[in-house]
Amino acid sequence: MRLYAGLPWIKNNTLPTQPSQLNGLKSLTVPYFAKSWNLYKGTQPSNNKTHQVTTDYRTYANDFGPVAEALAHNSVIGILPSVFGDELVKQGKLVKLLPEYQVEPPGPIYAVYPSKQFLPRKTQLLIRFLAEKFAAL
């Protein structure tokens, strides 16, 4: 997960150089990121190197697609998975903010199923695939 801003925001604001400069800014997000964001450098968060950012979120959606499109057309910042945000950066619609930082996910994701004993192979493969993809976010 990374931080992005649309061109309207870039036009009216100075690019931040540190996480504290994001506090209080208007943002768009998904519900589980609505209250605050924990930013960290590197590949894994650590308690002593995490920066908490509290924004003034205006709107949120349950899907990253609409958030990505809204970021591209409004003067706000937001969090997106790299697969959404980086594509829009390539298209010239978004700019990645604080590219050396990542946003800590809000918590673990669980796969719930009745029993591993009779778990179909396709379900096992799906769980493995999702674990690999979410680890890469």
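Residues 1 to 137 in UniProt numbering are what the sequence shown lists, from first letter to last. Don't be surprised by glycine CBs; every beta carbon is placed ideally from N, CA and C. Just so we're clear, the structure is a prediction, and the values are computed from it rather than from any experiment.
Per DSSP, the continuous alpha helix (DSSP H) segment holding L7 begins and ends at 7-12.
Less than 9 Å separates the beta-carbon of M1 from that of V103. F84 counts as buried, since at least 16 other C-beta atoms from the protein chains shown sit within 10 angstroms of its C-beta. For G85, the enclosing alpha helix (DSSP H) stretches over residues 82-90. Rounded to the nearest angstrom, the Cβ distance from K35 to K41 is 22 Å, too far for a contact under 8 Å.
Separation of the CB atoms of P99 and V53 is rounded to 15 Å, and the pair is thereby denied contact status at 8 Å. Collapsing the DSSP output to three states places L71 in a helix. DSSP, reduced to helix, strand and coil, places Q102 within a strand of the structure shown. One thing to note: L119 has its Cβ no nearer than 9 Å to the Cβ of L15. In the structure shown, the three-state DSSP call for I127 is helix. Y113 and T17 have their C-alpha atoms spaced approximately 44 Å apart.
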